[in-house]
Amino acid sequence: MSLLSPLFLFALLGIALPIWLHRLQTNATEREKFSSIMFMEQSQQRVHIQRQLKYLLLMALRILFLVLLVLAFTKPVFFVAPDAAVTEDTTHHVIVLDTSFSMREGGSFDQAIALAEGLIDNMGTDDIASLYTASGSVETITAATADTAVIRGSLNDLSPDNGRLDIGAMVTALDSLIASSQANFIIHFISDYQQSGQAVRFADMIPDVINGRPVTLNIHQVKTQNIANWSVASVEITAVDTVRIGLKNNSDADQSAEKTVTLSINDLTQQNLTETFAAPADGISYLTFENVLFEEGDNRLDVNVSPNDSFPEDDIRHTVFDNSPPAPVILLSADPESLAVTYITTALETAPRGYEVELQNINDFDPRILQRYPWIVIDDIGAVNESLAQELQRYVDGGGAILAAVGERTLGQTSIPVGGQTIDGGLTFNRNTAYSIQRVNTAHPVLDGSVGWNNLAISRVLPIETDDTSNVLINLNDDIPFLIERNIGLGRFLLLNTDLNNTWSDLPVKPVFVSFIAEAARHLSNEELLVKEQTINSFLQLGQNGGASGQVYAPSGDSLLSLADTTQAQSIQLTETGYYRIVTLGRDILVAVNPDARESDLNIMDAQTLQNWETMVAGSARSMEFVDGIAVSIAEEESVAVEIWRVLLILLAVIVLTESLLGNRYLRFNTGNTSL
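Written out as structure tokens, the structure reads:
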């Protein structure tokens, strides 16, 4: 036994406290003064033995409480010898069971369990074994042990999941998991050995040789031939009422089959179509549903194919179709007929999200309606008068956002009406010259992935001064800002230092303008551009544009985030198939999750590749069996540390309860002169 915090033992001096308190409670004999005791009769002093025993028991409980409390703080640890004792003759059987999605096919997983049980039955007397599962990740099911009953019991609790197995990633993860073992290794890999699961580099499938100990790879196949399989490869919404379904022939030969495809929208079956599908090897055959009715917002599309083949789990696919109407956005302009209005409107209406532009004359605009919109656009910020500037400032302070450009009306200004950046020179800075883009901050969400900024022809800009509160996203030569973002209060202000009439620059007629407007709209409106269909074990990025992530519900209905997490950016791994629901302040969003399509390809690795794999693993082990001519010795397995402070806390609770009951029930004090 060892103590992790032995200095707490000094607290045992506190045992003197209950002893002192009990001494104070001892009844003193009452004495009266008399002039003579000649006529007094001598009496016997009565001793209450039962009462003294109760007092002693109470004191013992209090002392024991203090002792256990001190021991709990010292954190005693017992070192226990491991169950799996290692000798020079010990072989460590590392049993790795493939639990990926493809193992659901036919009786593949039942056969894998049977193979694992056979390995356990054939273990030697001195051998140990550990059990792992491999799918999207490698999980330790049973640590190294010589108790075969433990491993056999763990096998009964296993089942295949929906993940994808990458053999290279599996071997890398396994190296770190078995590194602490001191025995010679035999890795038993039980799998269907899909060709799609083979690592890109063959070297990635070779385990590391740990301390020169021999490593042997034994391959156990649950199937030895390719299996033809049809799966739902794609679901496409080609028009507002048309859905095209693609069925893939996952085999190495041409196939044809009669299948019935069922399309369900939001759990209601809409149509059933039966057709003979024919496709070449690894080809896709399509079927189209027409006159499909969608609800407004996100729709859940479920496609089922029957009759099922030997792999029915991939005969279903989940998809989400967003049928939301275009989001409204205000465009303020002093000239509704200008080219700037045309360019901005076209870019917004063609954005992936889709926006409905509500054009407003800036001179007649009623600012009371601003709160209805998360963000607005102003084609020339110089057209904003003083009273409107104050309203816009309050709007941004409260969490609104503005995308604005400068223009002819800004030339006479000495500062930007919203934000207050100083224009150095103002009207005098009215010369035509050539400017070029010098720096683009592609790490910002508005500019992430955008290309084409360096191809702009820029002839006129304003000398806008920036400070520490301004984030310059694009710089021109002479360090002149071209795109500026400012956080004002709870909102954002994004300013383009060019006009949008195609006179100061040709930005409005360049392809980069459309992508810029789409990304700026998403950024300023705090809308997440989520991929509505994802693969199992991928990650869902939420709140990356500065907004709240919202609450996330798994297909099982469980909430995945705490209340505090919903206000921060989150990265959530999608571990279930079905529909994830993201609840934000503005709307509910659905994300469909399906197994990796590569798991539906049941073509296996050829026999020669598997043989080469076993041979290379054995060869790498022999090359490292001796280091500098000295054989590597087998070390003792480290003892396992077992902490018992939690047990002591439980005993403390029992003692406190016992002491309280004893003190309240038996040790009552009498008042007055009544003798005890």
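Residue numbers (our numbering): 505 to 1180.
We put the CB at the ideal spot given by N, CA and C, even for glycine.
Bear in mind the structure is a predicted one, so any value in this text is a computation, not a measurement.
field: First and last residue of the uninterrupted alpha helix (DSSP H) at L892
entry: 890-901
field: Rounded C-alpha distance that separates E860 from P832
entry: One C-alpha to the other measures close to 5 Å.
Boundaries (first-last residue) of the alpha helix (DSSP H) holding I848: 843-853
- request: Would you decide whether Q875 is buried or exposed? Buried here means 16 or more other CB atoms lie within 10 Å of its CB.
  value: Counting the other CB atoms within 10 Å of its CB gives Q875 a total below 16, which places it among the exposed residues.
- prompt: Taking the alpha-carbon positions, what's the D868 to L836 distance?
  reply: 10 Å
- request: Could you tell me how far apart the beta carbons of N776 and T766 are, in whole angstroms, since I believe they sit closer than 8 Å?
  value: 5 Å
query: Which term fits K537, buried or exposed, when burial requires 16 or more other beta carbons within 10 angstroms of its beta carbon?
result: exposed
message: Considering just the uninterrupted stretch of the alpha helix (DSSP H) at A638, what are its terminal residues?
response: According to the DSSP assignment, A638 belongs to no alpha helix (DSSP H) but to the beta strand (DSSP E) extending over 632-638.
field: As assigned by DSSP and simplified to three states, the class of Q698
entry: strand
- prompt: Do you know whose CA, among T1088, F512, E841, lies nearest V574's CA?
  reply: F512
field: Pair within 8 Å by beta-carbon distance, R1085 and L1078
entry: No; because the gap between Cβ atoms is not below 8 Å, this pair is not in contact.
- request: Compute the distance between the beta-carbons of R1229 and R1102, then report whether it is under 8 Å.
  value: Summary: the structure shown does not reach residue 1229, with the chain confined to residues 505 through 1180, and so no result is reported for it.
query: Among all the DSSP beta bridges, which residues are the ones paired with F1043?
result: Beta-bridge partners of F1043 (DSSP): Q1077.
query: Skipping 5 residues on each side, what residues in its chain have a beta carbon closer than 7 Å to that of N1168?
result: none
query: Is DSSP giving L998 helix, strand or coil here?
result: strand
- prompt: How long is the line joining the alpha carbons of N991 and S1104, rounded to whole angstroms?
  reply: 49 Å
field: Backbone secondary structure at G1133 - three-state DSSP
entry: Reliability of the predicted coordinates at G1133 is poor, the pLDDT of 37 falling under 50, and the value obtained from them is presented with this limitation in mind. Secondary structure of G1133 (DSSP, three-state): coil.
query: Roughly how many angstroms lie between the CA atoms of L980 and I866, to the nearest whole one?
result: 30 Å
task: Could you tell me which residues DSSP pairs with P580 in its beta bridges?
output: Paired residues: L507.
query: With 16 as the cutoff for other CB atoms within 10 Å, does W524 come out buried or exposed?
result: Per the 10 Å Cβ criterion, exposed.
- request: May I ask you to list the residues that DSSP assigns as paired with A743?
  value: T746
task: Thinking R595 and I690 are a contact (beta carbons under 8 Å), I'd like their distance in whole angstroms, please.
output: The sequence as given places Thr at residue 595; Arg does not occur at that position. I690 and T595 do touch by the CB rule: their CB atoms are close to 6 Å apart, below 8 Å.
field: Beta-bridge pairing of A782 - partner residues as DSSP gives them
entry: S760
- prompt: What residues in its chain sit with their C-beta under 8 Å from that of N754, if we drop five residues either side in the sequence?
  reply: A732, N733, W734, S735, D786, S1104, D1105, L1106, N1107
Simplified DSSP assignment, three categories, for P1099: In this structure, P1099 counts as coil in the three-state DSSP scheme.
- request: Drop a sphere of 10 angstroms on the beta-carbon of R821, count the other beta-carbons inside from all chains shown, and report buried for 16 or more, exposed for fewer.
  value: Burial check for R821: the Cβ neighbour count within 10 Å reaches 16 or more, so the residue is buried.
task: Rounded to whole angstroms, what's the CA-CA distance from E841 to V1018? Just pull it up for me.
output: Note on geometry: alpha-carbon atoms of E841 and V1018 lie some 20 Å from one another.
task: Tell me where the beta strand (DSSP E) around V1016 begins and ends.
output: Premise fails: V1016 lies in the alpha helix (DSSP H), 1015-1029, not in any beta strand (DSSP E).
query: Nearest to P829 by alpha carbon, out of N808, G801, T849, A855?
result: The shortest C-alpha separation from P829 is found at G801.
- request: Decide yes or no for the touch test of the stretch 1002-1020 against the stretch 948-960: beta carbon pairs closer than 8 Å, at least 3 of them.
  value: yes
Rounded separation between S789 and F781 - CA only: 6 Å
message: Restricting to Cα atoms, I'd like to know which of I941, L994, H948 is closest to D982.
response: I941
task: Going by CA-CA distance only, name the one from D826, V654, V744 that's closest to E794.
output: V744
message: Does the beta-carbon of V600, which I'm using as the reference point, lie nearer than 7 Å to any heavy atom of the ligand MN?
response: Annotation note on the ligand MN: not contained in the displayed structure, which lists no ligands.
field: Cα-Cα separation, V598 to K579
entry: 34 Å
message: Comparing C-alpha positions only, which one of E1118, G1082, V965 sits nearest to R913?
response: Residue V965 is the option with its Cα nearest to R913.
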